[in-house]
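Chemist: Protein chains in written order, with the numbering used here: chain A, 4 to 258; chain B, 402 to 649.
1) From A:245, A:243, A:236, A:204, pick the residue whose C-alpha is nearest to that of residue 256 of chain A; which is it?
2) Using a Cβ-Cβ cut-off of less than 7 angstroms, list which residues of the segment 124 to 155 of chain A approach chain B; keep chain order.
3) Can you tell me where the beta strand (DSSP E) holding residue 85 of chain A begins and where it ends?
4) Going by the beta-carbon positions, is the gap between residue 205 of chain A and residue 71 of chain A smaller than 7 angstroms?
5) Could you check what DSSP says for residue 456 of chain B in three-state terms: helix, strand or coil?
6) Per the DSSP calculation, residue 148 of chain A is bridged to which residue(s)?
7) So within the segment 96 to 153 of chain A, which uninterrupted beta strand (DSSP E) runs reach at least 3 residues, ignoring any that extend past its ends?
8) Would you mind giving the Cβ-Cβ distance between residue 550 of chain B and residue 478 of chain B, rounded to the nearest angstrom? I have them listed as a contact below 8 angstroms.
9) What does residue 518 of chain B touch in chain A if you count any residue whose Cβ is under 9 angstroms from its own?
10) Starting from residue 74 of chain A, find everything on chain B with Cβ-Cβ shorter than 7 angstroms and list it in chain order.
11) Decide if residue 127 of chain A is buried, meaning its Cβ has at least 16 other Cβ atoms within 10 Å, or exposed.
12) Among A:84, A:50, A:45, which residue has its Cα nearest to the Cα of residue 184 of chain A?
13) Residue 522 of chain B CB to nearest chain A CB: under 7 angstroms?
14) Between the segment 470 to 487 of chain B and chain C, which residues of the former have CB atoms less than 7 angstroms from a CB of the latter, in chain order?
15) Within the same chain, show all residues whose beta-carbon is closer than 6 angstroms to that of residue 535 of chain B, passing over the 5 residues directly before and after it, in chain order.
16) Contact defined as beta carbons within less than 8 angstroms: I believe residue 493 of chain B pairs with residue 504 of chain B. What is the distance between those atoms, to the nearest angstrom?
17) What did DSSP end up calling residue 251 of chain A once you bin it into helix, strand or coil?
18) Give the secondary structure of residue 94 of chain A by DSSP, where H, G and I count as helix, E and B as strand, and everything else as coil.
19) Going by Cα to Cα distance, which pick from B:474, B:459, B:481, B:483 is closest to residue 74 of chain A?
20) Along the segment 200 to 231 of chain A, what residues have a CB closer than 9 angstroms to any CB found in chain B?
21) If you drop the 5 nearest sequence neighbours on each side, which residues of the same chain put their C-beta closer than 8 angstroms to that of residue 426 of chain B?
22) Does residue 431 of chain B get closer than 7 angstroms to chain A when you measure Cβ to Cβ?
23) Is it the case that the Cβ atoms of residue 447 of chain B and residue 159 of chain A are separated by a distance below 7 angstroms?
24) Counting pairs of Cβ atoms below 8 angstroms between the segment 143 to 153 of chain A and the segment 206 to 213 of chain A, do you hit three or more?
25) Looking at C-beta atoms only, is the number of pairs between the segment 43 to 56 of chain A and the segment 221 to 232 of chain A that lie closer than 8 angstroms three or more?
26) Taking a contact to mean a Cβ-Cβ separation below 7 angstroms, would you say residue 65 of chain A touches residue 531 of chain B in this structure?
27) According to a CB-to-CB cut-off of less than 7 angstroms, which residues of the segment 162 to 196 of chain A neighbour chain B?
28) With 16 as the cutoff for other CB atoms within 10 Å, does residue 40 of chain A come out buried or exposed?
29) Would a check of beta-carbon distances place residue 444 of chain B closer than 7 angstroms to chain A?
30) Roughly how many whole angstroms lie between the Cα atoms of residue 585 of chain B and residue 599 of chain B?
31) With a threshold of 7 angstroms between beta-carbons, can residue 86 of chain A be considered close to chain B, or not?
32) Would you mind sorting residue 92 of chain A into buried or exposed? The rule is 16 or more other CB atoms within 10 Å of its CB.
33) Which of helix, strand or coil does DSSP assign to residue 597 of chain B?
34) I'd like to confirm the pairing. Which residues does DSSP put opposite residue 187 of chain A in its beta bridges?
35) Cβ of residue 108 of chain A less than 7 angstroms from any chain B Cβ?
36) How is residue 218 of chain A classed by DSSP in three states: helix, strand or coil?
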């Protein structure tokens with residue numbers, strides 16, 4: 004018996020090895036392919052960490068970002084619904100700050116007349132801050148709003164029950180109730196564009212490059228260059244939301 | 402030893418709990434989407450659904466593929482950062498199939514005044530007009546080229562564009578010098594500033610024409626020994642030529 008089990012000749016052994024060769028080669032590849040097929044082709048969300056910079060000194064308040072955002076993301080045309088909007092800050096000589104944003108800045112801003120009392124005036128584009136520690140995600144009772152693995156805060160439209168907790172929780176007022184879908188809606192940083200290597204629509208159309216988009220993890224990214232060369236701050240940083248929208252040239256009045 | 406008898410009501414409660422628990426477990430299994438909780442407390446498939454939304458803006462890099470002539474013209478001028486789709490509208494469909502739709506070609510003044518109408522809050526130096534007073538009734542494109550905008554009348558003074566330098570020079574001891582004393586400006590620089598650049602002095606000897614000990618210039622001009630003053634450094638490493646009194 005023992006002799007029989009060890010009676011394999013060298014020729015037989017090599018034959019078996021050769022025959023089983025395709026098994027070793029193809030089997031694991033099928034397996035890996037199946038695993039990869041679950042995710043989109045080559046996009047790996049764990050390798051990205053998106054952020055945006057806004058240079059207030061460059062913003063001319065043309066409102067093209069607001070218009071492009073509404074077109075790209077099918078945001079309702081009415082005056083109450085914005086994923087991004089431009090605010091005009093007017094600081095008067097007696098220290099009072101007035102903020103206005105007629106129709107989000109799409110149609111421009113009314114002319115200011117009393118020039119003598121105005122100390123300074125500037126535009127501030129606003130949008131979802133895509134916080135690293137988002138309050139809106141904490142309050143969602145059904146898990147419909149979440150922080151994706153690439154750091155973008157998204158809304159699952161099919162899962163949202165429209166309870167509006169997140170709209171109240173957002174300290175930046177970046178969310179609104181969609182009048183037709185009856186779900187919460189907000190900036191996705193144009194997730195459908197950035198995952199295909201394009202820029203968000205607002206960054207794409209900004210004529211003065213006041214909006215800078217990039218990845219925090221990449222050394223060659225424009226956002227890291229922007230952060231190196233500018234003194235930046237985030238909005239309401241005292242709330243510990245850790246926003247990923249960085250403002251350069253923003254004074255204390257900007258909230 | 403005999404086990405104490407479990408009361409009937411406890412047994413019924415236990416059975417009820419078991420029924421509720423199994424009901425809950427079944428409900429959770431069948432009502433929770435399969436991808437929920439894969440990467441966190443959310444439905445993982447929602448990410449792919451958001452990713453699959455259609456794009457309406459094609460991006461300038463798509464426009465270059467066919468309209469490279471206009472892009473190259475634009476890249477040299479002041480509108481180099483102005484994306485095509487700001488004025489021409491979203492062109493995603495046109496980029497997919499150019500024959501189907503074509504983007505609008507705006508001739509309307511309102512497209513230009515969106516950015517160039519005067520507004521106090523705009524940054525200083527950004528070219529602005531008061532649209533009601535600036536040739537009302539005329540189209541912008543009658544005088545300005547949209548893809549390579551320049552002033553229709555060439556400015557006479559350098560300070561029209563180089564305002565900061567001009568205002569510094571104005572209060573310095575170099576106020577009486579013309580810009581062309583030091584800079585050789587080709588005439589084309591007025592109309593095409595980026596292609597025809599102005600020349601700057603390159604050597605110490607240039608400043609020495611006035612400031613060297615043996616220079617043929619008025620006596621009140623400060624003199625230095627060109628051979629030893631400043632060593633290997635050039636004059637403008639220490640002195641700002643447009644305002645030499647203010648040491649940098």
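By construction, the Cβ of each residue, glycine as well, lies at the ideal position given by its N, Cα and C atoms.
Modeler: Answer, in terms of the structure:
1) A:236
2) 124, 125, 126, 146, 149, 151, 152
3) Per DSSP, residue 85 of chain A belongs to no beta strand (DSSP E) and is neither H nor E.
4) yes
5) coil
6) A:158
7) 100 to 103, 121 to 130, 148 to 150
8) 6 angstroms
9) 111, 114
10) 457, 491
11) buried
12) A:84
13) yes
14) Absent here is chain C; the protein component of the structure consists of chains A and B.
15) none
16) Contact doesn't hold; Cβ gap of about 10 angstroms is too wide.
17) strand
18) strand
19) B:459
20) 201, 202, 204, 207, 208, 209, 210, 211, 212
21) none
22) no
23) yes
24) no
25) yes
26) no
27) 162, 191, 194, 195, 196
28) Residue confidence is low: residue 40 of chain A scores 45 on pLDDT, short of 50, so the model does not pin down where it sits. Its coordinate-derived value is still stated next. So residue 40 of chain A ends up on the exposed side.
29) yes
30) 6 angstroms
31) no
32) buried
33) coil
34) A:180
35) no
36) strand
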